[in-house]
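First residue of the sequence shown? That's 15 in our numbering, and the numbers climb one at a time after it.
Every residue gets a Cβ at the ideal spot worked out from N, C-alpha and C, and that includes glycine.
Note sheet for the following structure.
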Amino acid sequence: MRLRALLESDALGLKLLGGEDELDRTVRGVMTTDLRDPSRYLSGGELVLTGLAWRRDAADSDPFVHILVQAGVAALAAGEAELGDIPEDLVTACARHRLPLFAVHESVAFATVTEHVVRQVSGERAGDLAAVVDRHRRMMTSGPAGGGPDVVLDLLGSDLDLRAWVLSPTGRLIAGSEVGGPALPAELCARLAAEHLTAARTGRRGPHRITLGTATYSLFPIRSSGRAAQGSRDVRETLLSDWLLAVEADASDWPEERLDLLQGVTQLIAVERDRRDAARTVRRRLAQEVLELVQTGAAPAEIAARLRVAAPVLLPGLGAAPHWQVVVARAEWEGADIEAGPIAQSLLEEILVDPLATGPEPSDRIAVAHTGDEAIALVPLPAVSSEHDGSEAGILADALLESVRTPLSAGLNDDGRVTLGVSAAVHSAEGLRGALEEARHARRVAAARPGRVCAAGHQELASHVLLLPFVPDDVRLAFTARLLDPLRDYDRRHRAELIPTLEAFLDCDGSWTRCATRLHLHVNTLRYRVGRIEQLTSRDLSRLEDKLDFFLALRMS
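Written out as structure tokens, the structure is:
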């Protein structure tokens with residue numbers, strides 16, 4: 015479709031602010047974003063919708079517009095809901111870069127524009143799809159996503175007699191006809207998610223077909239409008255964060271028009287996902303600010319001030335400063351050059367939601383940041399009563415993974431791992447630094463265990479890490495000497511760096527690839543050094559007990 019066609023629709027009510035000479039540009043898609051740099055999700059030809067959350071001051075407009083122009087987008091449409099009139103600096107930047115700019119009235123949902131473009135670009139392929147999209151547009155009355163995915167799923171049921179559900183990658187029910195009524199069994203949700211992740215890892219294109227008992231389901235991936243264009247990227251980068259649409263039907267014999275219909279529906283639901291991701295921006299920023307203060311050793315008073323800001327956002331209406339827990343997660347794949355921090359961040363945001371909660375909103379009270387390969391969650395807890403010190407309150411490590419282990423294991427296949435560590439609850443800024451270290455230690459304990467998905471809690475540290483300072487000196491010296499002296503002597507004679515190699519190997523959770531990369535060694539050289547360590551100490555670094563002994567010896571030395 016052409017840009018000028020957008021101005022011809024009374025339902026959209028768009029106002030052109032600049033770019034009259036560029037209205038014959040072709041629109042090939044639509045994307046909603048409030049990222050400061052959305053280039054990685056753009057492939058060219060999009061109409062970009064934005065609520066302007068990326069803009070902090072006038073200086074931000076020109077770089078943002080420049081990024082869009084470099085990505086080859088067709089036009090920019092800015093919503094008036096947040097700031098009222100569109101800022102003049104944005105109008106000027108678009109004029110300078112010859113990028114057409116539309117204003118979206120606050121009464122018009124972004125989903126309305128998205129649906130209009132999707133329908134026009136697809137050429138109104140089938141009458142039933144047009145009917146569903148039209149009815150969905152008319153029924154949109156609340157929020158930028160038009161009431162969420164439940165609305166369009168209800169229309170699939172009433173208009174096309176299709177039962178469908180939206181599931182998270184861990185199998186949590188986000189939307190479907192059962193929300194508010196009889197629930198789709200949690201075991202079935204987890205199985206559907208696991209089958210979807212397994213099929214996606216094999217590289218098969220959706221929909222994926224599965225028969226369970228007497229019912230057949232077709233599984234369609236739901237990706238944000240930016241990710242949908244990134245087909246050439248490694249599937250593992252988005253696998254553990256994409257939603258899926260499960261339809262109780264066999265799509266293998268569907269005509270092309272019906273398959274197009276469901277693909278259109280996934281695009282409509284993706285609008286809700288984009289809205290959810292945008293809503294998390296503030297919480298992620300708060301978590302990042304608190305984390306940076308904690309890691310840089312900021313004064314407790316400064317950290318406490320940030321916590322007072324974060325508490326009302328994360329627990330609205332609580333009326334009191336909460337207790338906090340820290341959860342640390344790492345997602346990794348052997349032999350893959352993948353940025354792990356954002357993946358672990360999205361995954362941890364999902365894992366921390368109550369598995370019995372439905373809908374996309376429960377995660378709105380979780381703040382997760384990422385640094386390097388780690389994701390770190392700052393989880394607020396209601397303040398415990400005076401007779402309870404909070405040490406046993408809140409999240410338990412084993413419970414976190416109880417309902418998600420099956421789907422996650424399927425997505426990780428035989429080359430991925432997810433490990434988590436959980437701290438005890440703390441009630442002040444002074445306790446956060448210790449809680450962060452505690453969660454990190456717990457995650458390392460989890461990483462030393464076999465299995466694709468492992469977690470450990472603060473209770474499991476009580477027998478060693480937290481008690482190390484109380485071990486008698488003579489016991490500490492004897493224990494460390496027995497394990498480490500042979501390695502130190504060998505290092506002195508041969509400059510072999512066995513001790514640094516051992517430290518790096520344990521810190522990398524026994525990952526040959528990551529450890530070799532960190533030490534700038536060939537994997538075979540690393541294997542030789544580890545073999546020498548095992549020979550000198552008569553220990554086996556593939557055994558959990560020996561890993562823990564070395565870990566403790568290094569901590570006490």
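Can you give me the C-alpha to C-alpha distance between residue i and residue j, rounded to a whole angstrom?
i: ALA263; j: LEU422; result: 25 Å
i: ALA200; j: ALA411; result: 20 Å
i: GLY220; j: THR64; result: 29 Å
i: GLY580; j: MET45; result: Outside the displayed span of the chain (15 to 571) sits residue 580, for which this structure offers no information.
i: ARG541; j: TRP526; result: 8 Å
i: GLY227; j: GLU303; result: 49 Å
i: GLU548; j: LEU501; result: 10 Å
i: ALA345; j: GLU388; result: 8 Å
i: THR420; j: ARG205; result: 8 Å
i: PRO356; j: VAL489; result: 43 Å
i: LEU17; j: THR252; result: 31 Å
i: LEU176; j: THR216; result: 27 Å
i: ALA284; j: GLU348; result: 30 Å
i: CYS522; j: GLU452; result: 17 Å
i: CYS529; j: ALA462; result: 15 Å
i: ASP351; j: GLN277; result: 30 Å
i: LEU202; j: LEU426; result: 19 Å
i: GLY430; j: VAL180; result: 25 Å
i: HIS337; j: LEU446; result: 10 Å
i: SER571; j: LEU498; result: 9 Å
i: SER5; j: GLU286; result: Past the edges of the chain, shown from 15 to 571, lies residue 5, and the structure says nothing about it.
i: ILE81; j: THR47; result: 13 Å
i: VAL323; j: SER556; result: 46 Å
i: ALA208; j: VAL131; result: 33 Å
Report buried or exposed for residue i, applying the criterion of at least 16 other Cβ atoms within 10 angstroms of its Cβ.
i: GLY311; result: exposed
i: GLU364; result: buried
i: LEU512; result: buried
i: PRO235; result: buried
i: PRO269; result: exposed
i: VAL611; result: One cannot answer for residue 611 here, as it falls past the ends of the chain, which runs 15 to 571.
i: THR126; result: buried
i: GLY86; result: exposed
i: SER360; result: buried
i: ASP291; result: buried
i: ASP256; result: buried
i: ALA460; result: buried
i: PRO77; result: exposed
i: LEU491; result: exposed
i: ASP164; result: buried
i: GLU444; result: exposed
i: GLU271; result: exposed
i: PRO52; result: buried
i: GLY386; result: exposed
i: THR433; result: buried
i: LEU450; result: buried
i: PRO394; result: buried
i: ALA89; result: buried
i: LEU558; result: exposed
i: GLY43; result: buried
i: SER23; result: exposed
i: ASP572; result: Missing from the structure shown is residue 572; the chain here goes from 15 to 571 and no further.
i: ALA469; result: buried
i: THR225; result: exposed
i: THR184; result: buried
i: ALA358; result: buried
Which partner residues does residue i have in the DSSP bridge list?
i: TYR231; result: ILE224
i: ILE390; result: VAL342, ALA383
i: ILE236; result: TRP257
i: PHE116; result: LEU30, ALA91
i: GLY190; result: TRP179
i: LEU395; result: HIS337
i: GLY430; result: TRP347
i: GLY435; result: VAL342, ALA470
Alpha helix (DSSP H) runs wholly inside the stretch 289 to 329, at least 4 long, in chain order: With a minimum length of 4 residues, the continuous alpha helix (DSSP H) runs that stay inside the stretch 289 to 329 are 314 to 328.
Residue ranges of each beta strand (DSSP E) within the stretch 15 to 76, 3 or longer: Whole beta strand (DSSP E) segments, 3+ residues: 29 to 32, 43 to 46, 60 to 64.
Any alpha helix (DSSP H) of 4 or more consecutive residues that is wholly inside the stretch 437 to 517: Entirely contained in the stretch 437 to 517, the alpha helix (DSSP H) runs reaching 4 residues are, in chain order, 446 to 461, 487 to 508.
The stretch 69 to 83 in contact with the stretch 17 to 27 per 3-pair CB rule at 8 Å: By the Cβ criterion, the stretch 69 to 83 is not in contact with the stretch 17 to 27, since fewer than three pairs of Cβ atoms, one from each stretch, lie closer than 8 Å.
At least 3 beta-carbon pairs within less than 8 Å: the stretch 110 to 129 vs the stretch 22 to 35: Contact between the stretch 110 to 129 and the stretch 22 to 35 is present: three or more C-beta pairs spanning the two stretches fall below 8 Å.
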